Structure formats: C-alpha cells, structure tokens
Amino acid sequence: MANTESEQPQLEMGLDSFEALPEVKMPAGYSIRTYQQGDASHWCRLIASGIGGQWNEKSFRESVAGSSGFDPQSLFFVETEGLVVGTACATWHDSYPSDTGYVHMLAVDPVHQGHGLGKALMLSVLHRLHKKGFRRAVLQTDDFRLPAIRLYLGLGFRPRFTHDSHQGRWNRVYQEIGLPQQGR
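For the sequence shown, counting from 1, position 115 maps to 114 in numbering that gives the first Met the number 0; every step adds exactly one.
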C-alpha cells in the first residue's frame with residue numbers, strides 16, 4: 000500500500016544503539032565507495048528505479064547535497080563492473096535529537112537486488128553515523144517497501160509511532176511480512 004506524503008506521513012523506524020553492528024561484507028564482484036563528482040545522475044537513476052518518482056540534479060541538491068547535514072563521505076555508492084548499482088546516505092536533521100543520525104534514501108538497482116547490497120549499504124551508513132558520534136539512528140520508509148522493512152528489522156530497527164495512522168499501518172505491514180503485530 001503506497002502512501003503519498005499528502006495523504007499520510009511515512010512510517011518511521013529507530014535503532015537505539017550501534018553497539019551490536021556487524022561488519023560490512025560486500026558480495027564478490029561489488030565494491031562500495033563514497034560520493035564523487037558526477038554521482039548526482041547515478042543517485043537520481045537509482046532512487047527513481049529503487050524507490051520511484053522523478054529525480055534530477057536539482058532534486059538531488061534539494062534532497063541530499065543541499066541539506067545542512069550533507070557530508071560527501073557519508074553518501075555511499077555500490078559499484079560492479081563499472082556500473083553504479085546502489086546508494087544510501089547517512090545524514091542528520093534538526094527535527095531529531097542531536098545524538099540521532101538519519102538514514103536517507105537507500106536504493107539498489109532492481110537488477111542487482113537479492114545479493115545483500117542493501118544490507119551492506121545500511122551497515123556502511125550505520126557505521127558512518129556511529130563514527131561521527133551519533134548514538135542512535137532513525138529512518139522513514141513506505142508501507143509497500145516490505146523487503147526494505149525486513150532488512151531494517153533484521154538490523155535492529157523498530158517501529159516508531161509518531162502519527163495516529165502508524166499503529167494500524169504497522170499492524171498491516173507486520174501481517175504482510177508474517178510477523179506478530181507490534182504494540183506501541
């Protein structure tokens with residue numbers, strides 16, 4: 000079930016500690032690096048194919064590079080055979096406590112999904128947030144991104160109920176992925 004921002008806010012999830020994070024393991028044939036000049040077009044393509052919507056270099060600047068929390072060393076890309084096939088960003092927002100980092104827009108090219116790239120990107124982001132001194136992390140996601148939600152749950156993220164709609168929506172998500180319902 001897709002929700003547009005005008006209808007309901009995205010679901011939120013939080014990770015309360017970085018202490019038990021496993022190391023990043025890249026699948027054979029893939030490597031991870033941080034932002035380089037010219038990566039805006041790769042980011043736009045990946046976000047459009049992995050999440051949806053229309054993205055261009057202006058929206059990249061507005062959503063990522065132009066934010067006060069942007070750090071080029073915190074924007075990750077996965078490559079294979081000269082192709083950029085995944086991205087995720089570690090940042091922060093004034094709307095969250097100062098000890099809380101923000102996981103921003105993880106996407107993997109659909110052709111390369113199922114190889115553990117999302118997990119490698121998430122762990123890279125979380126290790127970066129920890130290295131920068133954050134003690135916890137939050138993210139926002141959509142109800143229909145069930146594989147991503149499974150990944151986040153597997154890494155220790157838990158639902159945050161920040162809107163009246165969240166309890167019922169989280170109950171539906173848990174039912175769809177075959178897990179017991181979560182209470183507040």
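Every residue, glycine too, gets a C-beta built ideally from N, C-alpha and C.
Note that the structure is a prediction, hence the values are computed from the model and not measured.
Near residue 148, what residues of its chain come up, given a Cβ to Cβ distance below 7 Å and the 5 sequence neighbours on each side ignored?
Contacts found: 140, 172 and 176.
Between residue 117 and residue 150, how many whole angstroms is the CB-CB distance? I'm expecting something under 8 Å.
Rounded, the Cβ-Cβ distance is 5 Å, consistent with contact.
Taking the Cβ atom as the reference point for each residue, do residue 124 and residue 102 lie within a distance shorter than 7 Å?
In this structure, residue 102 lies closer than 7 Å to residue 124 by Cβ.
Spatial neighbours of residue 92 within its chain, please: CB distance less than 6 Å, with the 5 preceding and 5 following residues excluded, ordered by chain position.
The residues are 101.
Just to confirm the assignment, what range does the beta strand (DSSP E) spanning residue 12 have?
That run of the beta strand (DSSP E) goes 10 to 14.
Check whether the segment 72 to 90 and the segment 38 to 58 are in contact - that is, three or more C-beta pairs closer than 8 Å.
Judged by Cβ distances under 8 Å, the segment 72 to 90 makes contact with the segment 38 to 58, as three or more pairs qualify.
Determine the DSSP secondary structure at residue 185, reduced to helix, strand or coil.
Not covered by the structure: residue 185. The range shown for the chain is 0 to 183.
Using the Cβ count rule (16 or more neighbours within 10 Å means buried), how would you classify residue 145?
By the neighbour-count rule (16 or more Cβ atoms within 10 Å), residue 145 is not buried but exposed.
Report the residue from 174, 167, 178 and 179 whose alpha carbon sits nearest the alpha carbon of residue 10.
For the residues 174, 167, 178 and 179, the minimum Cα distance to residue 10 belongs to 167.
Would you mind listing the beta strand (DSSP E) stretches within the segment 58 to 126 that are 3+ residues and don't spill past its ends, in chain order?
Complete beta strand (DSSP E) runs here, min 3: 74 to 79, 82 to 90 and 99 to 107.
Relative to the C-alpha of residue 30, which residue among 20, 76 and 58 is closest?
For the residues 20, 76 and 58, the minimum Cα distance to residue 30 belongs to 76.
Starting from the Cα of residue 89, find the closest Cα among 53, 136 and 115 and give me that residue.
Of the listed residues, the one whose Cα sits closest to residue 89 is 136.
Can you say whether residue 97 is buried or exposed, counting buried as having 16 or more other CB atoms within 10 angstroms of its CB?
Residue 97 should be labelled exposed.
Tell me the DSSP secondary structure of residue 134 in three-state form.
It is coil, neither helix nor strand.
Assuming residue 33 contacts residue 72 under a Cβ cut-off of 8 Å, what Cβ separation, rounded to an integer in Å, is found between them?
Residue 33 to residue 72, Cβ: 5 Å. Contact.
In angstroms, rounded to a whole number, what distance separates the CA positions of residue 4 and residue 36?
Only weak support exists for where residue 4 lies, its pLDDT of 43 falling under 50; the value from the coordinates is given anyway. Computed Cα separation, rounded: 31 Å.
Quick check on DSSP: helix, strand or coil for residue 31?
Looking at residue 31 - three-state DSSP - the assignment turns out to be strand.
Thinking residue 56 and residue 40 are a contact (beta carbons under 8 Å), I'd like their distance in whole angstroms, please.
Indeed they touch by this definition, with Cβ atoms about 7 Å apart.
Have a look at residue 8 and residue 162 and give me their C-alpha separation to the nearest angstrom.
Cα to Cα, residue 8 sits roughly 7 Å from residue 162.
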